[in-house]
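Worksheet: the structure to be examined is printed underneath.
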Amino acid sequence: MTDPGERATAQTNTGEPATEHTAGTRRGDDPAGLEARPVPRAWTALGVVTVLVLAAATRFLEQAVPETFTGTALEDLAAAIEYPVYAIVLGLLGNALLAATGLRDRLAGGFRTEFFIKTGLVLLGASINLSVIATAAGPAILQAVVLISAVFLFSWWLGGRLGLPEKLRALLSAAVAICGVSAAIAAAGAVQAKREQLAYSASLVIVFALPSIFILPWLAGVFGLSPEVAGAWIGGNIDTTAAVTAAGALVGEESLQVASIVKVTQNALMGVVAIALTAYFAFRVERGVERDPAASHPRLADLWHRFPKFVLGFVAASVIATWYLSTVTAAEGKAVIGVANDLRVWFFILAFVSIGLEFRVASLKEAGWRPVGVFASATVVNVVLALGLALLLFSGFSAG
Amino acid sequence: MGESESARRERGTRKRAIGEDWAATIVGLLLLILVLLGVIPQGVIP
Numbered sequence: 001m002t003d004p005g006e007r008a009t010a011q012t013n014t015g016e017p018a019t020e021h022t023a024g025t026r027r028g029d030d031p032a033g034l035e036a037r038p039v040p041r042a043w044t045a046l047g048v049v050t051v052l053v054l055a056a057a058t059r060f061l062e063q064a065v066p067e068t069f070t071g072t073a074l075e076d077l078a079a080a081i082e083y084p085v086y087a088i089v090l091g092l093l094g095n096a097l098l099a100a101t102g103l104r105d106r107l108a109g110g111f112r113t114e115f116f117i118k119t120g121l122v123l124l125g126a127s128i129n130l131s132v133i134a135t136a137a138g139p140a141i142l143q144a145v146v147l148i149s150a151v152f153l154f155s156w157w158l159g160g161r162l163g164l165p166e167k168l169r170a171l172l173s174a175a176v177a178i179c180g181v182s183a184a185i186a187a188a189g190a191v192q193a194k195r196e197q198l199a200y201s202a203s204l205v206i207v208f209a210l211p212s213i214f215i216l217p218w219l220a221g222v223f224g225l226s227p228e229v230a231g232a233w234i235g236g237n238i239d240t241t242a243a244v245t246a247a248g249a250l251v252g253e254e255s256l257q258v259a260s261i262v263k264v265t266q267n268a269l270m271g272v273v274a275i276a277l278t279a280y281f282a283f284r285v286e287r288g289v290e291r292d293p294a295a296s297h298p299r300l301a302d303l304w305h306r307f308p309k310f311v312l313g314f315v316a317a318s319v320i321a322t323w324y325l326s327t328v329t330a331a332e333g334k335a336v337i338g339v340a341n342d343l344r345v346w347f348f349i350l351a352f353v354s355i356g357l358e359f360r361v362a363s364l365k366e367a368g369w370r371p372v373g374v375f376a377s378a379t380v381v382n383v384v385l386a387l388g389l390a391l392l393l394f395s396g397f398s399a400g
Numbered sequence: 001m002g003e004s005e006s007a008r009r010e011r012g013t014r015k016r017a018i019g020e021d022w023a024a025t026i027v028g029l030l031l032l033i034l035v036l037l038g039v040i041p042q043g044v045i046p
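Read top to bottom, the protein sequences are chains A and B.
According to full-length UniProt numbering, the residues represented by the first sequence are 1 to 400, in order.
According to full-length UniProt numbering, the residues represented by the second sequence are 1 to 46, in order.
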């Protein structure tokens, strides 16, 4: 793991050339002149410990709260609150505490959101059986392709009309069209966006995803949707995979299955979008910009340099797990892959805690109303289009 | 800052970004293999 002090003189962990906004040397409350000094590794290690402690607290609350409220009027609500909620809330509380004590910027090197979420996504690949997707999720693939294309292009177009920077447009479009924070991270790596642009996009994703976990299942009931259609709607609409899982589970098991298939399909297409963005930014947006002479004459090798490598790990994990499951009994395979899923949840919790710890209200205020307008408008388009596609493609579908 | 310095930073940026991607890939796949081999057994992950 790179020490933030090193990154302060070389890069951010989003691939941004170091300026004033690097992990461990952030602007803002920096009266001690921290920006000019390397942060000792001990602070980074302490930051990692902070994330681990909050993650453990998340795991504890996830299990203890439903047990505590069993048999009470709050039983359903307590059971409905999933680990992303606890992780983000604890991260935000930790953020406020550390900011008040002046420790946040010193510990920030340990808030490795990208590493945690990318590792979790690689492990997510192990839960995806390609043959199952191919046979049972044909409608999901069609829905994902149509939905991602339409919502991405709408968001990209509206962002352009409102004059947003190209890289922020790419991040917002990927986040709202595909799978939230992880897609924004993939897009950030592909287009080499600024760190604050990624933080801002991630903040928007969380702000919109959290209420969606509860609103969409409620609306599915109001509309009288079947579990399968509700699942397809949730999976195609909510941005983050964890939030999709939480919302699908609120509706029921069949809804959860369909929602997961749809979301996994979107996850699988994330690499395709990353490649397309890499190509677009390498050959068009940055063409002619004065910078590295090699970059002003883009080569095919740039595609490889900017490709998010963890996507390869994601695919490799799926291939390995699919092969493994063909060599053992179904029960044994389910139990073993369940261990990988537990590890994946831990990495997602670490990532969500880190997002809460890194959250900066200032980044939302500084960006102004236009990105919020783009994201909100694209979310509305996503909700309506996803509902239409879910009704069209999944009305006769049975997850049983 | 001169152009050569900018170019040097750009190369350093890409190298380190690739390093973090590969780190996540290696850690994720290593954990998966350890699970499949039974080194990380069921019930160990809280």
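Glycine included, each C-beta is placed from N, C-alpha and C at the ideal position.
Just so we're clear, the structure is a prediction, and the values are computed from it rather than from any experiment.
Quiz item: Would a C-beta distance cut-off of 8 Å place glycine 91 of chain A and serine 354 of chain A closer than the cut-off?
Solution: Walking along the first sequence from the start, residue 91 of chain A turns up at place 91. Walking along the first sequence from the start, residue 354 of chain A turns up at place 354. Cβ atoms of glycine 91 of chain A and serine 354 of chain A: closer than 8 Å.
Practice problem: Would you mind giving the Cβ-Cβ distance between glycine 28 of chain B and leucine 123 of chain A, rounded to the nearest angstrom? I have them listed as a contact below 8 Å. | Solution: Residue mapping note: residue 28 of chain B aligns to position 28 of the second sequence, counting from 1. Residue mapping note: residue 123 of chain A aligns to position 123 of the first sequence, counting from 1. So it is a contact: roughly 5 Å between Cβ atoms.
Practice problem: Would you verify that the beta carbon of valine 39 of chain B is, or is not, closer than 8 Å to some beta carbon of chain A? | Solution: Along the second sequence, read from residue 1 onward, the residue named residue 39 of chain B stands at position 39. Not closer than 8 Å to any Cβ of chain A, the Cβ of valine 39 of chain B fails to qualify, so no.
Quiz item: Taking 8 Å as the CB-CB limit, is isoleucine 238 of chain A close to chain B?
Solution: Position 238 of the first sequence, counted from the first residue, corresponds to residue 238 of chain A. By this cut-off, isoleucine 238 of chain A is not an interface position.
Quiz item: Got a sec, what are the start and stop residues for the alpha helix (DSSP H) leucine 37 of chain B sits in?
Solution: Walking along the second sequence from the start, residue 37 of chain B turns up at place 37. Element bounds for leucine 37 of chain B: n/a, residue is neither H nor E.
Quiz item: Looking only at C-alpha atoms, which of A:Leu121, A:Ala321 and A:Gly252 sits nearest to arginine 344 of chain A?
Solution: By 1-based counting over the first sequence, the position of residue 344 of chain A is 344. Nearest Cα to arginine 344 of chain A within the set A:Leu121, A:Ala321 and A:Gly252: A:Leu121.
Quiz item: Could you give the residue range of the alpha helix (DSSP H) that holds threonine 67 of chain A?
Solution: Indexing the first sequence from 1 puts residue 67 of chain A at position 67. It is worth fixing the name first, because residue 67 of chain A is glutamate in this sequence and not threonine. That run of the alpha helix (DSSP H) goes 41-68.
Quiz item: First and last residue of the alpha helix (DSSP H) that includes serine 127 of chain A?
Solution: In the first sequence, the residue the question calls residue 127 of chain A occupies position 127. DSSP places serine 127 of chain A in no alpha helix (DSSP H); its state is neither H nor E.
Quiz item: What does leucine 123 of chain A reach in chain B if we use C-beta pairs closer than 7 Å?
Solution: Residue 123 of chain A sits at position 123 when you count from the first residue of the first sequence. Near leucine 123 of chain A (Cβ distances below 7 Å), the residues of chain B are Gly28, Leu31 and Leu32.
Quiz prompt | CB contact flag (tryptophan 233 of chain A, alanine 376 of chain A, <8 Å) | solution = The count along the first sequence starts at 1 and reaches residue 233 of chain A at position 233. The count along the first sequence starts at 1 and reaches residue 376 of chain A at position 376. Taking 8 Å as the Cβ cut-off, tryptophan 233 of chain A and alanine 376 of chain A do not qualify as a contacting pair.
Quiz item: Should proline 41 of chain B go down as buried or exposed, given a rule of 16 or more other Cβ atoms within 10 Å for buried?
Solution: Your numbering for residue 41 of chain B matches position 41 in the second sequence. Proline 41 of chain B is exposed by the Cβ-count criterion.
Quiz item: So with Cβ pairs under 8 Å, would you call valine 339 of chain A a contact of chain B?
Solution: For the purposes of this step, residue 339 of chain A is taken as residue 339 along the first sequence, with counting starting at 1. Under the 8 Å criterion on CB atoms, valine 339 of chain A is classed as interfacial with respect to chain B.
Self-check item: Inter-residue spacing [alpha-carbon to alpha-carbon] between valine 85 of chain A and asparagine 341 of chain A
Solution: If you number the first sequence from 1, residue 85 of chain A lands on position 85. If you number the first sequence from 1, residue 341 of chain A lands on position 341. Roughly 18 Å separates the two Cα atoms.
Practice problem: Report the three-state DSSP secondary structure of alanine 73 of chain A (helix, strand or coil). | Solution: If you number the first sequence from 1, residue 73 of chain A lands on position 73. Alanine 73 of chain A falls in the coil class under three-state DSSP.
Exercise. Just confirm the distance between the C-beta atoms of valine 374 of chain A and leucine 158 of chain A, as a whole number of angstroms; I'd bet it's less than 8 Å.
Key: Here residue 374 of chain A refers to the residue found at position 374 when the first sequence is read from its first residue. Here residue 158 of chain A refers to the residue found at position 158 when the first sequence is read from its first residue. Right, the Cβ-Cβ distance comes to about 5 Å (below 8 Å), so this counts as a contact.
Quiz item: Beta-carbon separation of aspartate 239 of chain A and alanine 190 of chain A under 8 Å?
Solution: As a working note, residue 239 of chain A is residue 239 in the first sequence. As a working note, residue 190 of chain A is residue 190 in the first sequence. Taking 8 Å as the cut-off, the Cβ atoms of aspartate 239 of chain A and alanine 190 of chain A do not count as close.
Quiz item: From serine 255 of chain A to tyrosine 83 of chain A, what distance separates their C-alpha atoms?
Solution: Against the first sequence, residue 255 of chain A aligns to sequence position 255. Against the first sequence, residue 83 of chain A aligns to sequence position 83. If you take the alpha carbons of serine 255 of chain A and tyrosine 83 of chain A, they lie about 19 Å apart.
Exercise. Starting from the C-beta of glycine 236 of chain A, find all residues in its chain whose C-beta is less than 6 Å away, skip the five residues before and the five after it, and write them out in chain order.
Key: Translated into positions along the first sequence, residue 236 of chain A becomes position 236. Contacts found: Gln143, Leu147, Val262 and Ala386.
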